[in-house]
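Structure first, then comments.
Protein chains in written order, with the numbering used here: chain A, 1 to 174; chain B, 1001 to 1261.
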């Protein structure tokens, strides 16, 4: 039975927000991005092909909005892990251990340090569980490229967290 | 073939394996190697752990105020806009409204979405990845109708797996939704989907949501995950698969008789 598309987008909001959060590195920025993306989606609803995935379409719009905004003002910056730990402490209330918060901070820094094209692929697959085919179609790249970008992104994050957990850590972010 | 085999998968190979996108031959080769190569298992675990770290780092709770603000903005934006989307009439989706109304405590320990968890695949018969042929779980998926249950004991604990629905993915492959409960079916432990892979002549669990849902307020036939977050994750998995509406009992009976061909 057809539903109001806005309700379907509402159901996607937590996913859209965390996706935008992963792309922008800042929650407030993510909310602005998702709001713009929703407005853009409703204005261009005729471009959505019924029967295809609404979530993929919305992710694509979120990505596009993020790129537009980042082009206008570069907000993806490298932050000091200690500062980030403070910033995300409130988000991470469920994690009480400082070490866990530090690890989250390291992931934030490592994610921000990824090239855009690797970050988007990692967010689409690791965060949102999209199949490679859908990612390839959404980004207009071959599946092999999806795989190699994802592979490099995972390796960089794994290396970053491994360094942060080693006893000789000191310069957690590269 | 194992310790003496010089072949090692590349990071690209492992990435595809983690995401369930590796070709069956490659997945089998990695499966075989994993049984003897501890270093490979650790390498795989480190890469697979990244996904959970990313999910934790960018977690946005369902009740986040931003979700409410954006939802209100969307609902204020003019008349209703209809959009036709495929309906998935599976066991879980059918029961979600009831589940949402239920108010029993929920402790979700899930690793959401459509993620492989290689270390666990070695430890339990219900893990993402290929289901071992001729195992009880394989036979169960292969030969039993929706609603049937399989009981088994693992590490001295009794478990029940119930088949919840049968549907097809976007490529037409039959898939079966199931849930695992513990003991006297008082806790939903795992909710997942297994799909038939013709190339392997068998089943592959393509998504698994781990939960710890006490069902104290529910009767034994009403054990249901009660979290919108679970709904989001399983809904995401079904969407990722391109799930069709569930097949009718008659269609399912034909598929069972034909061994899913």
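Glycine included, each C-beta is placed from N, C-alpha and C at the ideal position.
* Should residue 154 of chain A and residue 1047 of chain B be called a contact, given that it needs their Cβ atoms to be closer than 7 Å? -> Within the first chain, numbered from 1, the residue matching residue 154 of chain A stands at position 154. Within the second chain, numbered from 1, the residue matching residue 1047 of chain B stands at position 47. Using a Cβ distance threshold of 7 Å, residue 154 of chain A and residue 1047 of chain B count as a contacting pair.
* To do: Decide if residue 27 of chain A is buried, meaning its Cβ has at least 16 other Cβ atoms within 10 Å, or exposed.
  => For the purposes of this step, residue 27 of chain A is taken as residue 27 along the first chain, with counting starting at 1. Residue 27 of chain A is buried by the Cβ-count criterion.
* Name the DSSP beta bridge partners of residue 1160 of chain B, please? -> On the second chain, residue 1160 of chain B is found 160 positions in, with the first residue counted as 1. Its beta-bridge partners are B/1151 and B/1181.
* What do you reckon, is the C-beta of residue 1174 of chain B under 6 Å from a heavy atom of the ligand COA? -> Absence of the ligand COA is noted for the structure shown, with no ligands found whatsoever.
* Got a sec: is the Cβ-Cβ distance from residue 158 of chain A to anything in chain B below 7 Å? -> Along the first chain, read from residue 1 onward, the residue named residue 158 of chain A stands at position 158. Interface with chain B (7 Å Cβ-Cβ cutoff): residue 158 of chain A is included.
* Under a CB-based cut-off of 7 Å, is residue 1029 of chain B close to chain A? -> Locating residue 1029 of chain B in the second chain gives position 29, where the first residue counts as 1. Proximity of residue 1029 of chain B to chain A, defined by a Cβ-Cβ separation below 7 Å, is not satisfied.
* **Cβ pair residue 1193 of chain B, residue 1179 of chain B closer than 7 Å** => Taking the second chain and counting its residues from 1, the one referred to as residue 1193 of chain B is at position 193. Taking the second chain and counting its residues from 1, the one referred to as residue 1179 of chain B is at position 179. Not closer than 7 Å, so no.
* To do: Quick one: residues in its chain with C-beta nearer than 8 Å to the C-beta of residue 120 of chain A, no 5 flanking neighbours on either side, listed in chain order?
  => Residue mapping note: residue 120 of chain A aligns to position 120 of the first chain, counting from 1. Its chain contains 23, 63 and 139 as the residues whose beta carbon lies nearer than 8 Å to that of residue 120 of chain A, once the 5 sequence neighbours on both sides are disregarded; these appear in chain order.
* Just the C-alpha distance for residue 134 of chain A and residue 1014 of chain B, rounded to the nearest angstrom, thanks. => Within the first chain, numbered from 1, the residue matching residue 134 of chain A stands at position 134. Within the second chain, numbered from 1, the residue matching residue 1014 of chain B stands at position 14. Straight-line Cα distance between these residues: approximately 19 Å.
* Host alpha helix (DSSP H) of residue 1198 of chain B (start-end) -> For the purposes of this step, residue 1198 of chain B is identified with residue 198 of the second chain, where counting begins at 1. Annotation for residue 1198 of chain B: no alpha helix (DSSP H) segment contains it, and DSSP assigns it neither H nor E.
* Reduced DSSP category for residue 1054 of chain B - H, G, I as helix; E, B as strand; rest coil -> The count along the second chain starts at 1 and reaches residue 1054 of chain B at position 54. Residue 1054 of chain B: helix per DSSP, three-state reduction.
* Could you say which of B/1006, B/1162 and B/1038 lies nearest to residue 1147 of chain B if we only look at CA atoms? => For the purposes of this step, residue 1147 of chain B is identified with residue 147 of the second chain, where counting begins at 1. Ranking B/1006, B/1162 and B/1038 by Cα distance to residue 1147 of chain B puts B/1162 first.
* 7 Å CB neighbourhood of residue 127 of chain A in its chain, flanking five on each side removed -> Here residue 127 of chain A corresponds to residue number 127 of the first chain, with the count starting at 1. So the list reads 18, 19 and 22, once near-sequence residues are dropped.
* Asked: Do you know offhand how far residue 1073 of chain B's Cα is from residue 125 of chain A's?
  -> Residue numbering aside, residue 1073 of chain B sits at position 73 when the second chain is read from its first letter. Residue numbering aside, residue 125 of chain A sits at position 125 when the first chain is read from its first letter. Distance between the alpha carbons of residue 1073 of chain B and residue 125 of chain A is about 28 Å.
* May I ask which residues mark the beginning and end of the alpha helix (DSSP H) holding residue 1142 of chain B? => The residue given as residue 1142 of chain B occupies position 142 in the second chain. Residue 1142 of chain B: member of the alpha helix (DSSP H) spanning 1136-1143, first to last residue.
* Rounded to the nearest angstrom, how far is the Cβ of residue 1145 of chain B from that of residue 1252 of chain B, given a contact under 8 Å? -> As a working mapping, residue 1145 of chain B is identified with position 145 in the second chain. As a working mapping, residue 1252 of chain B is identified with position 252 in the second chain. With a contact defined as Cβ atoms closer than 8 Å, residue 1145 of chain B and residue 1252 of chain B qualify at about 6 Å.
* Starting from the beta carbon of residue 1159 of chain B, find every residue of chain A whose beta carbon is closer than 9 Å, and list them in chain order. => In the second chain, residue 1159 of chain B corresponds to position 159, counting from 1. Result: empty, since nearest Cβ-Cβ is about 25 Å, beyond 9 Å.
* Ignore the nearest five residues each way along the sequence and tell me which others in residue 1169 of chain B's own chain have a CB closer than 8 Å to its CB. => Your numbering for residue 1169 of chain B matches position 169 in the second chain. Closer than 8 Å at Cβ, skipping near neighbours: 1175, 1195, 1241, 1242, 1243 and 1244.
* Asked: If you run the structure through DSSP and keep just helix, strand and coil, what is residue 1246 of chain B?
  -> Here residue 1246 of chain B refers to the residue found at position 246 when the second chain is read from its first residue. In this structure, residue 1246 of chain B counts as coil in the three-state DSSP scheme.
* Asked: Using the beta-carbon of each residue, which ones in chain B are nearer than 9 Å to residue 142 of chain A?
  -> Here residue 142 of chain A refers to the residue found at position 142 of the first chain. Simply none; closest approach about 13 Å.
* To do: Mark residue 1028 of chain B as exposed unless 16 or more other C-beta atoms lie within 10 angstroms of its C-beta, in which case mark it buried.
  => Position 28 of the second chain, counting from 1, holds the residue named residue 1028 of chain B. Exposed.
* **Start and end residues, alpha helix (DSSP H) containing residue 142 of chain A** => What you label residue 142 of chain A is simply residue 142 of the first chain in a count that begins at 1. Residue 142 of chain A -> no alpha helix (DSSP H), and no H or E assigned at all.
* Asked: Across which residues does DSSP place residue 1205 of chain B in a beta bridge pair?
  -> Here the question's residue 1205 of chain B lines up with position 205 in the second chain. Looking at the DSSP assignment, residue 1205 of chain B forms a beta bridge with B/1129 and B/1194.
* C-alpha gap between residue 1131 of chain B and residue 1205 of chain B, whole angstroms -> Residue mapping note: residue 1131 of chain B aligns to position 131 of the second chain, counting from 1. Residue mapping note: residue 1205 of chain B aligns to position 205 of the second chain, counting from 1. About 7 Å.
* Asked: What's the C-alpha gap between residue 1008 of chain B and residue 1256 of chain B?
  -> Taking the second chain and counting its residues from 1, one reaches residue 1008 of chain B at position 8. Taking the second chain and counting its residues from 1, one reaches residue 1256 of chain B at position 256. Between residue 1008 of chain B and residue 1256 of chain B, the C-alpha separation is close to 38 Å.
* Output the distance between the C-alpha atoms of residue 46 of chain A and residue 11 of chain A, rounded to the nearest integer angstrom. => Residue numbering aside, residue 46 of chain A sits at position 46 when the first chain is read from its first letter. Residue numbering aside, residue 11 of chain A sits at position 11 when the first chain is read from its first letter. Pairing residue 46 of chain A with residue 11 of chain A, the inter-Cα distance amounts to about 20 Å.
* To do: Following the continuous alpha helix (DSSP H) through residue 1008 of chain B, name the residue where it begins and the one where it ends.
  => To locate residue 1008 of chain B, count along the second chain from 1; it is residue 8. Per DSSP, residue 1008 of chain B belongs to no alpha helix (DSSP H) and is neither H nor E.
* Name the residues in the stretch 1047-1068 of chain B whose C-beta lies less than 8 Å from a C-beta of chain A; which are they? -> Residues of the stretch 1047-1068 of chain B whose Cβ lies closer than 8 Å to any Cβ of chain A, in chain order: 1047, 1049, 1050, 1051, 1053, 1054, 1055, 1056, 1057, 1058, 1059, 1060, 1061, 1062, 1064, 1066 and 1067.
* Contact set for residue 67 of chain A: own chain, Cβ-Cβ below 8 Å, skip 5 residues either direction -> Mapped onto the first chain, residue 67 of chain A falls at position 67. In the same chain as residue 67 of chain A, and ignoring 5 residues on each side of it, the C-beta atoms closer than 8 Å to its own belong to 116, in chain order.
* How long is the line joining the alpha carbons of residue 1165 of chain B and residue 113 of chain A, rounded to whole angstroms? -> On the second chain, residue 1165 of chain B is found 165 positions in, with the first residue counted as 1. On the first chain, residue 113 of chain A is found 113 positions in, with the first residue counted as 1. Using only the alpha carbons, I get a separation of about 43 Å.
* **Interface residues of the stretch 1010-1021 of chain B facing chain A [CB-CB below 7 Å]** => Within the stretch 1010-1021 of chain B, the residues whose Cβ lies closer than 7 Å to some Cβ of chain A are 1011, 1012, 1015, 1016, 1019 and 1021, listed in chain order.
* Asked: residue 10 of chain A by DSSP, collapsed to three states: which one?
  -> Sequence index remark: in the first chain, residue 10 of chain A carries index 10 (1-based). It is helical.
* To do: Answer with yes or no whether the minimum CB distance from residue 1074 of chain B to chain A is below 7 Å.
  => For the purposes of this step, residue 1074 of chain B is taken as the residue at position 74 of the second chain. Chain A contact via Cβ: present.
* In chain order, what residues of the same chain have a beta carbon less than 7 Å from the beta carbon of residue 40 of chain A, not counting five sequence neighbours either side? -> By 1-based counting over the first chain, the position of residue 40 of chain A is 40. Hits under 7 Å: 61 and 65.
* Asked: Mind checking whether residue 1024 of chain B and residue 1142 of chain B have CB atoms under 7 Å apart?
  -> One-based indexing of the second chain puts residue 1024 of chain B at position 24. One-based indexing of the second chain puts residue 1142 of chain B at position 142. Not in contact: residue 1024 of chain B and residue 1142 of chain B (Cβ atoms no closer than 7 Å).
* May I ask you to list, following chain order, the residues of the stretch 26-38 of chain A that have a beta carbon less than 8 Å from some beta carbon of chain B? => Residues passing the 8 Å Cβ filter: 27, 30, 31, 34, 35 and 38.
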